[in-house]
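Trainee: The sequence shown lines up with residues 3 to 293 when you count with the numbering used here. From the three backbone atoms N, C-alpha and C, an ideal C-beta is built for every residue, glycine too.
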Amino acid sequence: MEIQHGTINWFPGHMAKTRRLLQEQLRRVDLVIEICDARLPHSSRNPELNRMISGKRRVLFINKTDLADPETTKRWMSLFRSMGEDVYPITAVNVRSKETIAVIDKMTKEIVDKAHERGIRKNIRAMVIGVPNVGKSTLINRLRSASITQTGDRPGVTKSNQWVRITPYLELLDTPGMLWPRLDDQEAAMKLCWIGSVPDDITDISQLTLSLLNELKVFAPESLKTRFHVDDLSAEGLGLMDAVCRGRGWLLKGNRYDYDRCCSIVLDEFRSGKLGKISLEFPEGRKETTE
Ligand SMILES: Nc1nc2c(ncn2[C@@H]2O[C@H](COP(=O)(O)OP(=O)(O)O)[C@@H](O)[C@H]2O)c(=O)[nH]1
Ligand SMILES: [Mg+2]
């Protein structure tokens, strides 16, 4: 098998369109809800965002906390809070809707109160943004289904303008994921591939899998032993993938290793949390670089 070591760079035309769309909608929203991935709280945040939404009220939801190491997530929360950010951990697939809506209410209370003083009942509009695959649509859908159950509203009414009513006074706007034009940091770019924010087909899947297996040796060696039955953690490069194939019995005719199967299953098991709660980056030493 040959492994391609290409540079990951991905900014299709529709992303530029997405950026324009977000900029247009920004004027109409009271709050920006940014979502990032708890396994990658720094690198799954779009660095362009600060410029785009300066002056807007914003809140950060760290999602997929079920897939990340809880202690590491706590440390990220402390770092972001120490920098003055409003940040809350969530698990969108199992969202606590009351708590989540309470956070949004708290963030927009001042606007609602001011309007109330003038005798106006303010309808709050919040835009949900983030890189692809962080759980934007899941969060909105789960909050919406919770509200349907509570209000007896009819399901399945798709709104053409994508605004989704969550409560009588709150609407959320789902948006397409947005990456930034230059993925300068290749290590971060690779990690964005692992969490599925960059499509697999723009990079070499075997390079992706090998680099993930190498990372697991450092951050989650137990998962290699228990899940893939790799005993010798000193294996490197293709040797590591061979060991995984042997461990799980992924063999083709003639005892050749089934690398295709290996790549797809390793990535799938990592993404679905079967390898454990694994954080891919840590807050220590990040203060200067996180804006
Ligand atoms: N384990 C886990 N998976 C999640 C969570 N939130 C979303 N997902 C999954 O992540 C994938 C992408 O979610 P989606 O809402 O489409 O992301 P979007 O691209 O940001 O809209 C889906 O397979 C979701 O089921 C979460 O809190 N935990
Ligand atoms: Mg979506």
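Give the secondary structure of residue 72 by DSSP, where H, G and I count as helix, E and B as strand, and everything else as coil.
Mentor: By 1-based counting over the sequence shown, the position of residue 72 is 70. In the structure shown, residue 72 sits in a helix (DSSP, three-state: H, G or I).
Trainee: Excluding sequence positions up to five away, which residues of its chain have a Cβ less than 6 Å from the Cβ of residue 55?
Mentor: What you label residue 55 is simply residue 53 of the sequence shown in a count that begins at 1. The residues are 34.
Trainee: Is residue 92 buried or exposed, if buried means 16 or more other CB atoms sit within 10 Å of its CB?
Mentor: For the purposes of this step, residue 92 is taken as residue 90 along the sequence shown, with counting starting at 1. Residue 92 comes out buried.
Trainee: How is residue 169 classed by DSSP in three states: helix, strand or coil?
Mentor: For the purposes of this step, residue 169 is identified with residue 167 of the sequence shown, where counting begins at 1. In the structure shown, residue 169 sits in a strand (DSSP, three-state: E or B).
Trainee: For the candidate residues 168, 278, 266 and 277, whose alpha-carbon lies nearest to that of residue 143?
Mentor: Position 141 of the sequence shown holds residue 143. Among 168, 278, 266 and 277, the Cα nearest to that of residue 143 belongs to 168.
Trainee: Can you tell me the Cα-Cα spacing of residue 25 and residue 59, whole angstroms?
Mentor: For the purposes of this step, residue 25 is identified with residue 23 of the sequence shown, where counting begins at 1. For the purposes of this step, residue 59 is identified with residue 57 of the sequence shown, where counting begins at 1. Their Cα atoms are separated by approximately 15 Å.
Trainee: For the segment 202-218 against the segment 68-77, do three or more pairs of beta-carbon atoms, one drawn from each stretch, fall closer than 8 Å, so that the two count as touching?
Mentor: They do not touch, by the three-pair rule.
Trainee: Any chance the CB of residue 138 is under 7 Å from a heavy atom of ligand 2?
Mentor: Taking the first residue of the sequence shown as position 1, residue 138 is located at position 136. Under cutoff, so the answer is yes.
Trainee: If I follow the unbroken beta strand (DSSP E) through residue 39, where does it start and stop?
Mentor: Along the sequence shown, one-based indexing puts residue 39 at 37. Start and end: 33-39.
Trainee: Below 8 Å on the Cβ atoms is my contact criterion, and I expect residue 175 with residue 164 to pass it. Report the Cβ-Cβ distance as a whole number of Å.
Mentor: What you label residue 175 is simply residue 173 of the sequence shown in a count that begins at 1. What you label residue 164 is simply residue 162 of the sequence shown in a count that begins at 1. The Cβ separation is near 6 Å, so the contact holds.
Trainee: Rounding to the nearest angstrom, what Cα-Cα distance links residue 190 and residue 198 in this structure?
Mentor: Working through the sequence shown from its first residue, we reach residue 190 at position 188. Working through the sequence shown from its first residue, we reach residue 198 at position 196. Taking the straight line from one Cα to the other gives about 12 Å.
Trainee: To the nearest angstrom, how far is it from the Cα of residue 99 to the Cα of residue 135?
Mentor: To locate residue 99, count along the sequence shown from 1; it is residue 97. To locate residue 135, count along the sequence shown from 1; it is residue 133. If you take the alpha carbons of residue 99 and residue 135, they lie about 20 Å apart.
Trainee: DSSP three-state label for residue 232, please.
Mentor: Counted from its first residue, the sequence shown places residue 232 at position 230. DSSP places residue 232 in coil when its eight states are reduced to three.
Trainee: Name, in chain order, the residues that DSSP records as bridge partners for residue 128.
Mentor: Numbered from 1 along the sequence shown, position 126 holds the residue referred to as residue 128. Paired residues: 33 and 174.
Trainee: Taking buried to mean at least 16 other C-beta atoms within 10 Å of its own C-beta, is residue 85 buried or exposed?
Mentor: By one-based count along the sequence shown, residue 85 stands at place 83. Classification of residue 85: exposed, given that the 10 Å Cβ count is below 16.
Trainee: Just to confirm, does residue 134 get its C-beta within under 7 Å of one of the non-hydrogen atoms of ligand 1?
Mentor: The residue given as residue 134 occupies position 132 in the sequence shown. Yes - ligand 1 has a heavy atom lying nearer than 7 Å to the Cβ of residue 134.
Trainee: From 50, 36, 41 and 40, pick the residue whose C-alpha is nearest to that of residue 18; which is it?
Mentor: Taking the sequence shown and counting its residues from 1, the one referred to as residue 18 is at position 16. With distances taken between Cα atoms, residue 18 lies closest to 50.
Trainee: Per DSSP, what are the beta-bridge partners of residue 63 in this structure?
Mentor: In the sequence shown, counting from the first residue as 1, residue 63 sits at position 61. According to DSSP, which records beta bridges pairwise, residue 63 is partnered with 37 and 90.
Trainee: Based on the DSSP output, what are the partners of residue 261 in its beta bridges?
Mentor: Walking along the sequence shown from the start, residue 261 turns up at place 259. BP columns for residue 261 are empty, so no partner.
Trainee: With a threshold of 8 Å between beta-carbons, can residue 225 be considered close to chain C, or not?
Mentor: Annotation note: the requested chain C is absent from the structure, which comprises a single protein chain.
Trainee: Can you check which of these residues, 274, 244 and 42, is closest to residue 263 by C-alpha distance?
Mentor: For the purposes of this step, residue 263 is taken as the residue at position 261 of the sequence shown. When only C-alpha atoms are compared, the closest one is 244.
Trainee: Taking C-beta to C-beta, are residue 280 and residue 41 nearer than 8 Å?
Mentor: Stepping through the sequence shown from its first residue, residue 280 is reached at position 278. Stepping through the sequence shown from its first residue, residue 41 is reached at position 39. Contact flag set, yes.
Trainee: Is residue 181 helix, strand or coil by DSSP?
Mentor: Indexing the sequence shown from 1 puts residue 181 at position 179. DSSP places residue 181 in coil when its eight states are reduced to three.
Trainee: Would you please state the rounded distance, in angstroms, between the beta carbons of residue 65 and residue 94? I believe it to be under 8 Å.
Mentor: Your numbering for residue 65 matches position 63 in the sequence shown. Your numbering for residue 94 matches position 92 in the sequence shown. Contact holds; Cβ gap of about 5 Å.
Trainee: Pick from 101, 123 and 31: whose alpha carbon is nearest that of residue 141?
Mentor: Counting from one through the sequence shown, the residue named residue 141 turns up at place 139. Closest by alpha carbon: 101.
Trainee: Based on the DSSP secondary-structure assignment, which residues constitute the bridge partners of residue 253?
Mentor: Here residue 253 refers to the residue found at position 251 of the sequence shown. According to DSSP, which records beta bridges pairwise, residue 253 is partnered with 259.
Trainee: Quick one: what does DSSP say residue 217 is sitting in, helix, strand or coil?
Mentor: Counting from one through the sequence shown, the residue named residue 217 turns up at place 215. Three-state DSSP puts residue 217 in a helix.
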